[in-house]
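Participant: In my numbering, the protein residues as written are 11 to 423. A virtual CB, placed ideally from N, CA and C, is assigned to each residue, including glycine.
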Amino acid sequence: MTSMMDMKEDNVAARVGVQRSRVAETSTVSGARDKSWIPPEGLHWYREHRFLRWIMAGADPIVVQEVLAKIAASDNPRSFDALLDTVEGFRPGNWVFEWSQEAARCQALAKEVVASDHFAARDHLLRASLYYTIASYPHLRGDQLAQEARVRSNHAYREAGRWFPCPLRVLEVPYKGQKIIASLHLPHDDFPPPVVIVCGGGDVLQNGFFHLFDDVLRPAGFAMLTVDMPGVGYSERWPINEDISRLHQAVLEFLPSCPWVDDKKVAMIGLRMGGNIATRLAYLKPDLLKAVVNIGGPLHELFVNGRMTSMLSPMLKDQIASRLYTDVKEISNFAVKAQTFSLVRQGLLSRKCRVPMLAVGMEADEQFPEDDIKRMLNASRENKRLMVDRADIIHSMEQAFTQSVAWLKPYLT
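Structural data, given as structure tokens:
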């Protein structure tokens with residue numbers, strides 16, 4: 011049966027499909043800007059490429075390079091001639107178009123094999139969902155082509171979810187007259203398992219963690235519940251503010267009414283800003299969490315050192331403006347607003363927390379520097395540090411996920 015949410019998403023896709031020739035190109039969505047920020051020589055990219063995240067989520071490295079090459083080689087008009095990924099309109103060379111073409115190819119492959127091999131079809135659909143998600147990157151409000159791609163990503167993921175170890179369950183959590191959408195992945199249906207809530211940063215949507223579940227959490231016997239942070243994905247309707255953990259807190263408080271998981275055995279893994287959310291909830295809801303893992307999540311220094319705004323690329327400025335529901339021209343004042351996200355300024359990290367914490371860091375990481383790691387470890391009565399090797403980051407991150415889940419196990423069993 012088609013849910014109301016599916017019907018709404020179908021309507022969005024249909025409406026945007028009609029308007030493809032008239033929609034704004036992604037780099038122009040957040041407001042008018044002059045060209046002074048574009049380097050005077052050479053060709054460049056508006057989007058920051060997240061090769062590591064895409065490949066770890068299941069993207070084929072060869073396909074990634076092929077798609078980027080098609081975008082770069084296009085002769086179609088661009089919003090900014092010097093920016094390769096600003097081709098206007100839904101046509102060859104446009105970022106959303108090229109990634110959507112690759113996603114559609116994966117969907118076609120899934121259709122060819124579904125009758126004989128459900129698991130092969132599942133894997134093709136997972137990759138289709140990922141490529142549609144990359145098509146929607148950097149996930150800006152008002153980017154209509156990207157919104158259509160995101161809808162298609164959700165559909166592909168749900169279709170793939172029919173052939174997960176246990177079928178995917180989509181939860182609709184009541185919140186202030188609206189619904190928070192969360193995706194529940196179960197390792198089995200023998201009994202309600204412990205559950206790990208996974209939260210990515212502003213670049214990673216809740217459909218992007220299947221490999222973490224299938225490779226690490228499921229073998230450990232843990233369910234995985236993914237929730238988008240405010241301002242992005244299913245949670246786009248709620249802007250980011252200093253109460254950044256409010257949606258995840260609502261989901262956490264909802265779990266006692268969820269019959270499929272053990273609400274007495276709940277942990278969180280947060281990546282980047284998701285790590286800030288997990289650490290914050292360890293303070294706000296210690297009775298509901300057994301342990302938290304913060305993977306590279308900024309806690310204080312990034313928000314107060316005054317360098318944050320100068321570190322931001324045009325794309326990141328657009329992302330922040332989108333998540334805050336403000337105009338990109340207001341980002342010059344973001345240094346003041348950013349301080350409200352500091353867990354020290356909120357009066358949290360300055361006191362002890364009884365929830366065990368694991369800090370996963372990396373040398374010379376400006377987002378999660380040594381001082382933040384020390385603050386987190388000093389705050390928790392039970393703590394551990396784990397460092398990622400930047401030189402071998404893909405393998406090292408895979409090990410970090412495995413070791414993080416191994417660290418969680420005594421608290422959840």
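Secondary structure at serine 193, three-state DSSP: helix, strand or coil?
Facilitator: In this structure, serine 193 counts as strand in the three-state DSSP scheme.
Participant: Going by alpha carbons, who is nearest to alanine 277 out of Leu322, Met283, Asn315, Pro420?
Facilitator: Of the listed residues, the one whose Cα sits closest to alanine 277 is Pro420.
Participant: With DSSP as the reference, identify every bridge partner of lysine 394, one or two as the case may be.
Facilitator: BP columns for lysine 394 point to Leu368.
Participant: Just how far apart, CA to CA, sit arginine 63 and arginine 364?
Facilitator: C-alpha separation (whole angstroms): 32 Å.
Participant: Let me make sure I understand the geometry here. Which of Leu53, Ala292, Leu94 has the alpha-carbon closest to that of arginine 391?
Facilitator: Per the Cα distances, Ala292.
Participant: Between which two residues does the alpha helix (DSSP H) holding proline 296 run?
Facilitator: Careful: proline 296 lies outside any alpha helix (DSSP H) and carries neither H nor E.
Participant: Taking 7 Å as the cut-off, decide whether the C-beta atoms of alanine 260 and isoleucine 191 are in contact.
Facilitator: No; because the gap between Cβ atoms is not below 7 Å, this pair is not in contact.
Participant: What's the C-alpha gap between arginine 137 and arginine 361?
Facilitator: Taking the straight line joining both Cα atoms gives about 44 Å.
Participant: To which residues does DSSP link glycine 280 through a beta bridge?
Facilitator: Answer by DSSP bridge pairing, in chain order: Cys209, Asn304.
Participant: Quick one: residues in its chain with C-beta nearer than 6 Å to the C-beta of valine 33, no 5 flanking neighbours on either side, listed in chain order?
Facilitator: Excluding sequence neighbours, valine 33 sits near Gln154, Leu155.
Participant: Would you list, in sequence order, the uninterrupted alpha helix (DSSP H) runs of no fewer than 4 residues that lie entirely inside the region 130-169?
Facilitator: The region 130-169 contains no whole alpha helix (DSSP H) run of 4 or more residues.
Participant: What is the residue span of the alpha helix (DSSP H) that arginine 88 lies within?
Facilitator: Element bounds for arginine 88: n/a, residue is neither H nor E.
Participant: Is there contact here, the region 232-239 with the region 159-171, by at least three beta-carbon pairs under 8 Å?
Facilitator: Contact between the region 232-239 and the region 159-171 is absent, because fewer than three Cβ pairs lie under 8 Å.
Participant: Tell me the rounded alpha-carbon separation between proline 266 and arginine 228.
Facilitator: Roughly 21 Å between the two C-alpha positions.
Participant: What is the DSSP secondary structure of valine 271, reduced to helix, strand or coil?
Facilitator: Three-state result, valine 271: coil.
Participant: With the cut-off set at 7 Å, would you say leucine 294 and leucine 353 are in Cβ contact?
Facilitator: Cβ distance not < 7 Å, so leucine 294 and leucine 353 don't count as in contact.
Participant: Looking at the structure shown, is arginine 101 part of a helix, part of a strand, or coil, going by DSSP?
Facilitator: In this structure, arginine 101 counts as coil in the three-state DSSP scheme.
Participant: When we look at the beta-carbon of glycine 152 and count the other beta-carbons within 10 Å, is it buried (16 or more) or exposed?
Facilitator: Burial call: exposed.
Participant: Counting only the same chain and skipping the five closest in sequence on each side, list residues whose C-beta sits under 7 Å from that of glutamate 408.
Facilitator: Hits under 7 Å: none found.
Participant: Do you know whose CA, among Asn86, Ala145, Ala82, Leu93, lies nearest tryptophan 109's CA?
Facilitator: When each option's Cα is compared against that of tryptophan 109, the closest is Ala145.
Participant: Over the uninterrupted beta strand (DSSP E) stretch that includes glutamate 182, give me the two end residues.
Facilitator: Taken as a continuous stretch (DSSP letters only), the beta strand (DSSP E) holding glutamate 182 covers 179-185.
Participant: On the DSSP bridge list, what partners appear for glutamine 188?
Facilitator: The partner list for glutamine 188 (beta bridge, DSSP) reads Tyr185.
Participant: Would you kindly check if the distance between the Cβ of leucine 140 and the Cβ of alanine 67 is under 7 Å?
Facilitator: Yes; because the gap between Cβ atoms is below 7 Å, this pair is in contact.
Participant: Does DSSP put glutamate 38 in a helix, a strand or coil?
Facilitator: Rather than glutamate, the amino acid found at residue 38 in this sequence is threonine. It is helical.
Participant: Where does the unbroken beta strand (DSSP E) through leucine 3 begin, and where does it stop?
Facilitator: Because residue 3 is not part of the residues shown, which for the chain are 11 to 423, the question remains open.
Participant: Cα separation between arginine 101 and alanine 131?
Facilitator: Roughly 28 Å between the two C-alpha positions.
Participant: Under 8 Å Cβ to Cβ from alanine 69, same chain only, skipping five residues before and after it: list those, please.
Facilitator: For alanine 69, where only same-chain residues beyond five positions count, the Cβ hits under 8 Å are Arg137, Leu140, Tyr141, Ile144.
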